[in-house]
Amino acid sequence: MTEPMVQYRSCNICEAMCGLIVTHDGSDVLSIRPDPDDPLSRGHICPKAVALQDFRTDPDRVTKPLLKRGTDFEEISWDEAYDQAAERIRAVQAAHGQDAVAVYLGNPNAHKFGNLLNLPTLVKAIGTRNRYSSATADQIPHHVASIHMLGHPMLMPIPDIDRTDFLLIIGGNPVISNGSMMTAPGYGRRMDDIRARGGRVVVIDPRRTETAERAGEHHFIRPETDAWLILSMIHVILSDGPARLGHLAPLVDGLEALTEAVQPFTPEAAAEVTGIEADTIRALARDFAAAPRAVCYARMGASTQSFGTLCQWAANALNIVTGNFDAEGGAMFTTPALDYVGLTSRKGKARSYPERRSRVSGQPLYNGEFPVSTLAEEIETPGPGQIRALVTVAGNPVLTAPNGRRIERALTGLDFMMSLDIHVNDTTRHADLILPGTVALEEPIYDMVFHTFAVRNTVGFAPALFAPPHGNPSEWEVIARLAARLTGANQIGPAPEQVLAMLLPQGFHGDKVTLEGLRSRGRPMDLGPLVANLSDRLETPEGRLNLAPQAFIDDLPRLLAQTEGRDAARPLSLIGRRQVRSHNSWTQNSARLVKGRNRCTVEVNPEDATRLGLSDGADAVVSSAAGSVTLPVEITEAMAPGVVSIPQGWGQKNGRLSAATQTATVSINDLTDDSRTDPLSGNAAFNGLPVALHPA
């Protein structure tokens, strides 16, 4: 009998990067436990990490290349699969042009450093400008704010929550997410630490979330009015006295413009729009400004709405004018071992934004990617540049993008579709060719992206634990070989580990962090708390911080025109919600994660339930301009009156997903409207969607 072996690695399902102790016998996982000595997660773990073993042994997993013949898939060899992919892609482009083939990249790619290093090569080999990803479904407002204010989209302010005295959370639920765009595993314990040292945590949300319950201070707010609240807080602070810019004062431009811009956003005006009393807004602003160390964190609810970019700009501005930017306990900037900002630096050169606009509706292009909200219209609309073929990598836009069923209808009209994925799901079932991907325990792990967003500087590497099934290549190699077939190259580039070994010595900690050192260490390494460094890292052409970018000032009339007026036919506002045992759509085929009661419910305030004749547990119909769904009602005082909530990531109806389809659930994106976007960033406006609700 093989002696049990142990590997220390981080979980790469979500942003939290929780440290794990994986015990195995060389072929099977024996246990997955939290690592109490991990310098970032400190013993925290969630159920998704334990499910890592399920994705490897999933009986529905695609493990061989599949080619569709008629309506069925049949297994083919890898050589035939690569040939089919290259021939079909080039045939579409020969008939309709280079841009007739689009690429869609799903969320898991952000956690696979081999994919991140090789996907640009594949996109370049295809030669298309039609590129999409899941990023425009949740986070682009953050990047657009950083482009205009700091000069680089990845120069992201991260809340230094382990040293703050006042944490203001707007539209985020980090107790469940462990910190989206703020990698902070064990977030609940970190909040408890703030309160234990005499600090405060205040949550602003239309739902009394798990984070709000633990914080102890919560205020309901009407969906899509967060920018009003933050700008009114800035109004109060700048009316009370001069801004406190701290050490950044010599570098800040635009204070006068900001002061003038916030004049209309009085607490009284904000109270009418947000539903939060004017006196409460004043007290919140003054307490935030008076705290020794404070930070405002605005996330999903504040980003995935019609005013998402204004929210992120306003949150940054609030931190700046109170002296809490690039300062201990405020919003700080990481110094990761692999510096994503430094690798893509264009210091001293202006970045144009938007780079281009989409062909049909003129949505802005960010980082070479069009908003996913435009995907269906670009497939449907004839003319030069019309999408006639699609390549997806670890993505399921039918369930995760706005108006997903419109995307599904559009997919049926493609000339060719290829997917690199582990499942036949609601999206990939429309593919002509499916190439099997690899899962976390079959891949080396180094998180290139989320160390950049972490609340503490750490680094870790772990090799693959198991070989892929049937001797399959790793996902990065599939991507590299596809690119080689398309270009006619007779070899592929270096392995991701080779590239990582070259890049680490160039980073902030190159004197002490090497790949060989991480291998021999076998565990993550602590690189210390966040440090002030923005003065040296600003990427604007002048090397200065722009507090009032003209693009944001020009968008304020749209915000000022916002009223509480509701659609008489759809008088309720829909918001999403996150759950600890799920992550987007691809985790739903783990039986251990979906077992138990049906968690795909519509949460409704008791007042609304009584008025509408709804019963707890009974089915109700939720309808929007895009469609309707039927699901169980969950009556709870956690919801603000006039607001309802459906979780994201559910709704698997088709494909080969036995666990995910065992219980009938719905996709929130059967309701979301792809015409609702934040015009500054193109990000989908999932939250605040007008809906109607009635008994089934």
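For the sequence shown, my numbering assigns the number 25 to the initial residue and increments by one for each residue that follows.
All C-beta atoms, glycine included, are put in the ideal place defined by N, C-alpha and C.
Taken atom to atom, the span from the alpha-carbon of V30 to that of G50 is near 10 Å. Residue burial annotation: A374 is exposed, with fewer than 16 other C-beta atoms found within 10 angstroms of its C-beta.
Assignment of beta-bridge partners to F349 by DSSP yields A355. Here A169 is not near T26, since their CB atoms are 8 Å or more apart. Here R221 is exposed: its Cβ has fewer than 16 other Cβ atoms, across all protein chains shown, within 10 Å.
Nearest in C-alpha terms to F485, of all of D578, F532, L362, G366, is L362.
Our two residues, I56 and N142, have alpha carbons roughly 30 Å apart in a direct line. A straight-line Cα-Cα distance of about 26 Å links V86 and I692. Listed in chain order, the non-local C-beta contacts of G461 below 7 Å within the same chain comprise A418, L444, D445, I446, E499, local neighbours out to five positions each way being set aside. Counting only the Cα atoms, D52 lies some 43 Å from V225.
Within the same chain, Cβ atoms closer than 7 Å to the Cβ of N608 are found at N131, T424, G673, the five residues on either side in sequence being excluded.
Judged by beta-carbon spacing, P595 lies beyond the 8 Å limit of A644, meaning their Cβ atoms are not closer than that value. The C-beta distance from T283 to L262 rounds to 5 Å, short enough to fall under 8 Å. Looking at R33, F289, N139, the one whose alpha-carbon comes closest to that of D61 is R33. In the displayed model, S382 falls within coil according to three-state DSSP, outside both helix and strand. The beta-carbon distance between P360 and S397, rounded to whole angstroms, is 31 Å. This is too long to meet the 8 Å contact definition. Annotation: the continuous beta strand (DSSP E) that includes L596 extends over 596 to 601.
The beta-carbon separation of G600 and S544, rounded to 44 Å, does not stay under the 8 Å limit for a contact. Secondary structure of I45 (DSSP, three-state): strand. Beta-bridge partners assigned by DSSP to G552: N481. In the three-state reduction of the DSSP assignment, F331 falls in the coil class.
The C-beta separation of Y321 from I218 comes to about 12 Å, leaving the pair out of contact by the 8 Å criterion. The C-alpha of I659 is placed about 15 Å away from the C-alpha of L598. Shown here, F312 sits in a helix according to DSSP, grouped into three states.
Boundaries of the alpha helix (DSSP H) around A169: 164 to 174.
Note on D578: under 16 other CB atoms within 10 angstroms of its CB, so exposed under the neighbour-count rule.
Distances from the alpha-carbon of D697 to those of N711, A73, G620, F357 put N711 closest. In this structure, A159 is the residue among T207, P63, A159 with its C-alpha nearest to the C-alpha of P395. Sequence-distant partners of I431 (beyond 5 residues in either direction) whose C-beta falls short of 7 Å from its own C-beta, in its chain, are L399, A400, P421, V422, A425. Taken through DSSP and simplified to helix, strand or coil, F576 comes out as helix.
Taking all protein chains shown into account, E661 has fewer than 16 neighbouring C-beta atoms within 10 Å of its C-beta and is therefore exposed. Taking A633 as the centre and dropping the five residues before and after it, the same chain places the C-beta of I659 closer than 6 Å to its C-beta, in chain order. Under the three-state reduction of DSSP, H120 is assigned to helix.
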